[in-house]
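Enquirer: Quick one: this structure, given as structure tokens, is what I'll be asking you about.
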Amino acid sequence: MSGRIPEEVIDRVREHHDIVDVVGRTVQLKKSGRNFFGLCPFHSEKSPSFSVSPEKQIFHCFGCGLGGNVFRFIMESEQMTFIEALRHLAEEAGIEVPTPDSREDSAEERHRLHLLQAMDLAGRLYHHLLTETDHGKEAREYLRERGILPETMAQFQIGYAPDSYHFLHPFMKRRGFSEEVLAEVGLISERERRGKPSYFDRFRGRIMFPIQDSQGRVIAFGARILGDGRPKYLNSPETTLFHKSHFLYNLHRARKGIRTKEQAVLFEGYMDVIAAWQAGLTTGVATLGTALTDSQARVIRRNTEEVVICYDSDSAGFSATVRGMDVLKQAECIVKVAQLPDGMDPDDYIRVRGADAFQSEVIAQAVPFTAFKLESLKKEFNLRDTDDRMSYLNQAVNIVAELPHAIERDHYLRRLSEEFRVSLDALKQEQRVVASKKRRESMGDKGQGKWHNGYQESKHMVGQDRKALAFETAERRLLLLMIHHADIAEQVREKVGAEFNVEAHAAIAAYLYAYYAEGYTADPARFIHYVKDDRLVQEISALMMSESHDDQVSNGEIADYIRHIRNYPLHRKIEQKQEQVKQAERSGNIAEAVQLGIELMKLREKVQRETE
């Protein structure tokens with residue numbers, strides 16, 4: 001809970017936004033009963049397990065377990081901190097958020113801000129060196145030869161790092177940034193020299209491409225060497241600010257165009273994105289020196305369904321295209337491939353043939369995923385040879401069998417039938433055999449792993465793969481009532497306290513007692529904001545989505561739930577005592593068996609009294 005920004009401001013921002021509207025900007029939702037469902041934007045899935053409750057103003061994914069209120073959704077989807085998500089939503093709502101005294105910021109927030117300030121200053125220095133000094137003269141000429149205009153250099157804040165081991169380091173240190181901070185953000189590197197640490201600039205003699213987060217803040221750099229040398233590109237390392245598998249180059253600029261045109265163009269490199277942007281294509285993004293990751297594909301899917309891959313036409317570009325197609329298909333994207341002439345990359349094509357030709361002849365002529373795969377597969381066979389032709393057809397049918405919709409499968413099988421003069425019925429029969437085999441293999445893979453929540457399993461934890469015991473169900477239903485009714489929470493506090501039998505349930509109850517003690521009223525979305533343990537937030541959102549809530553609960557039902565909870569430890573003791581009696585009888589220790597029997601009888605009497 002923030003002590004720096006007033007809670008009433010946070011509540012106003014949260015209450016202004018309907019979570020269904022906010023989530024609906026990036027997830028296609030369909031109403032089912034009281035809730036809305038869609039494909040989870042945070043993990044790959046084919047069946048909707050992502051649920052949004054307009055009544056409770058929360059979301060929860062039953063697949064990956066992530067859940068929370070509108071702030072949590074923005075934090076996860078836009079990679080923001082809570083304060084950043086609050087300000088983002090407040091700006092949309094026209095609500096002013098007071099700027100807290102920086103002395104009140106947490107040490108973590110102050111440190112993160114300091115890291116961002118270091119990256120911002122480094123970016124501005126590199127850009128100044130490129131555009132305004134003799135240090136950047138050669139780099140400026142190189143970029144102009146590549147067709148990059150000065151205004152584009154300014155828009156993308158392209159810079160230059162001089163070919164010196166000690167240029168950036170002393171400059172930044174004079175402005176209050178320590179070696180520890182500079183090393184943490186990957187601007188300098190460390191080595192041992194005469195038994196002492198020695199620091200030097202990480203980027204030297206390179207054109208610098210700032211990499212920004214969703215809010216346009218510099219978090220890393222991609223650096224291209226000027227002239228010969230290896231590696232050609234050097235990226236910032238993984239840092240507190242930068243996880244390269246999660247970010248895409250230029251997404252913060254391209255997001256508006258992507259959502260407007262409902263299409264993203266995925267390029268291989270920074271220069272391709274910049275050249276395409278300068279040519280008028282404002283939907284381009286690129287990976288950050290690595291193959292496309294599942295996380296990056298999900299980021300794209302949150303912004304659009306259709307993706308055009310426009311990689312280089314060489315063999316490495318072809319391999320990357322095939323890998324990228326599969327990753328995007330797993331994220332439920334509609335994938336097309338823009339094909340370039342041999343030996344050309346997008347940047348080359350734009351410079352040689354112009355912006356209009358690139359738009360009309362490359363992007364607009366992108367072919368569907370399956371058509372590209374089938375055409376690419378042909379290059380591996382001599383189609384004049386009968387055996388090769390049959391091998392191609394067998395592999396082509398395997399590709400078609402993977403398509404989810406019957407109309408697509410029929411379309412491509414008809415094309416194969418016409419092109420190779422093969423019976424359509426034979427191809428369909430072969431496709432059915434392949435599909436049947438895949439289904440059997442898929443069924444064999446099921447049950448290999450089971451999902452569990454973030455807490456360590458113990459005898460007191462609720463299993464995800466068995467029917468809940470009576471006391472577990474009682475605890476869940478009681479917690480749900482406590483979330484919606486402060487008076488019930490107080491009743492439970494007096495009679496049960498912290499004696500919940502499931503570890504996570506006891507923790508949630510403790511949060512509820514504290515929440516109401518601070519004067520808050522019953523409000524599920526506010527309570528989720530109050531809880532700062534991410535694992536418990538997931539437990540709470542799952543609880544509220546999976547358990548039905550009835551305001552007309554009777555005092556008798558509440559008393560019954562409490563009785564189940566309080567009696568469970570006694571039932572466990574009875575079971576243990578019964579086993580001890582049996583062991584004593586088997587060993588012939590009659591005196592001990594009698595004594596244990598008396599203790600067992602007393603426990604049963606105690607349970608009976610609790611029940612009455």
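The numbering of the sequence shown is full-length UniProt numbering, which starts it at 1 and goes up by one. Even for Gly, the Cβ is constructed at its ideal location relative to N, Cα and C.
1) From S236, F177, I508, pick the residue whose C-alpha is nearest to that of F203; which is it?
2) Residues in the same chain with beta-carbon distance under 6 Å from E7, minus the five sequence neighbours each way, listed in chain order, please.
3) Let me know if A264 comes out buried or exposed under the rule of 16 or more other beta-carbons within 10 Å of its beta-carbon.
4) For I58, write down the residues that DSSP places opposite it in a beta bridge.
5) D134: buried (16+ other C-beta within 10 angstroms of its C-beta) or exposed?
6) Nearest to Q330 by alpha carbon, out of Q296, G343, Y311, V352?
7) Going by C-alpha distance, which of Q117, F62, H252 is nearest S77?
8) With three or more beta-carbon pairs closer than 8 Å as the criterion, would you say the region 303-318 touches the region 185-193?
9) Does the structure place the region 529-549 close enough to the region 54-68 that three or more beta carbon pairs sit under 8 Å?
10) Let's test the definition: count the other Cβ atoms within 10 Å of the Cβ of D272 and tell me whether it reaches 16, buried, or not, exposed.
11) Less than 8 Å between the C-beta atoms of T287 and G257, yes or no?
12) Would you please state the rounded distance, in angstroms, between the beta carbons of I274 and T152? I believe it to be under 8 Å.
13) Could you pull out every unbroken beta strand (DSSP E) segment of at least 3 residues lying fully inside the region 320-388, listed in chain order?
14) In chain order, what are the residue ranges of uninterrupted alpha helix (DSSP H) at least 4 long that sit wholly in the region 141-196?
15) Could you check if H127 is buried or exposed, using at least 16 other CB atoms within 10 Å of its CB as the buried criterion?
16) I need the straight-line Cα distance from E380 to D201, nearest angstrom please.
17) On the three-state DSSP scale, how would you describe N69?
18) Under a Cβ-count criterion, where at least 16 other Cβ atoms within 10 Å of its own Cβ denotes burial, should K373 be classed as buried or exposed?
19) Hey, would you say F50 sits closer than 8 Å to V27, going by beta carbons?
20) Could you check where the alpha helix (DSSP H) with P404 kicks off and where it finishes?
21) Report the option in A514, G284, E268 whose CA atom is closest to the CA atom of R255.
22) Suppose the cutoff is 7 Å on Cβ atoms and the five residues either side in sequence are ignored; what does the same chain contact list for L383 look like?
23) How many whole angstroms separate the CB atoms of D294 and S44, which I take to be in contact at a CB cut-off of 8 Å?
24) With DSSP as the reference, label R224 as helix, strand or coil.
25) So for M208, helix, strand or coil by DSSP?
26) Can you give me the start and stop residues for the alpha helix (DSSP H) that V23 sits inside?
27) Helix, strand or coil: which one does DSSP assign to F471?
28) Mind checking which residues open and close the beta strand (DSSP E) that includes N35?
29) I'd like to know whether the C-beta atoms of V397 and Q359 end up nearer to each other than 8 Å.
30) Quick check on the burial criterion: 16 or more other C-beta atoms within 10 angstroms. Buried or exposed for S164?
31) Please classify Q448 as buried or exposed, where buried requires at least 16 other C-beta atoms within 10 Å of its C-beta.
32) Out of L478, E138, D387, state which residue places its alpha-carbon closest to the alpha-carbon of D560.
33) For the region 109-122 against the region 171-183, do three or more pairs of beta-carbon atoms, one drawn from each stretch, fall closer than 8 Å, so that the two count as touching?
34) Please go through the same chain and pick out, in chain order, the residues whose beta-carbon is closer than 6 Å to the beta-carbon of H564, but skip the five residues on each side of it.
35) Mind checking H17: buried by the 16 CB within 10 Å criterion, or exposed?
Expert: This is what the structure holds:
1) S236
2) none
3) buried
4) S53.
5) Exposed is the label assigned to D134, since fewer than 16 other Cβ atoms lie within 10 Å of its Cβ.
6) Q296
7) Looking only at Q117, F62, H252, the smallest Cα-Cα distance to S77 is reached by H252.
8) No, because fewer than three Cβ pairs between the region 303-318 and the region 185-193 fall closer than 8 Å, the two stretches do not touch.
9) For the pair of segments examined, the region 54-68 was found to touch the region 529-549: the number of CB pairs separated by less than 8 Å reaches three.
10) Per the 10 Å Cβ criterion, buried.
11) no
12) 6 Å
13) Counting only runs of 3 or more, we get 334-337.
14) 150-155, 168-174, 179-184
15) buried
16) 47 Å
17) coil
18) buried
19) Going by C-beta atoms, F50 is nearer than 8 Å to V27.
20) No alpha helix (DSSP H) holds P404; DSSP gives it neither H nor E.
21) If we check each option's Cα against that of R255, G284 comes out closest.
22) R389, Y392
23) 6 Å
24) The answer is strand: DSSP assigns R224 an E or B state.
25) strand
26) Boundaries of the alpha helix (DSSP H) around V23: 19-24.
27) helix
28) 35-38
29) no
30) Answer is exposed; the Cβ neighbour count stays below 16.
31) In this prediction, Q448 scores a pLDDT of 44, lower than 50, which makes its location untrustworthy; the coordinate-derived value is nonetheless stated afterwards. When all chains shown are included, Q448 counts as exposed.
32) L478
33) yes
34) Around H564: A470, F471, A474.
35) Buried is the call here.
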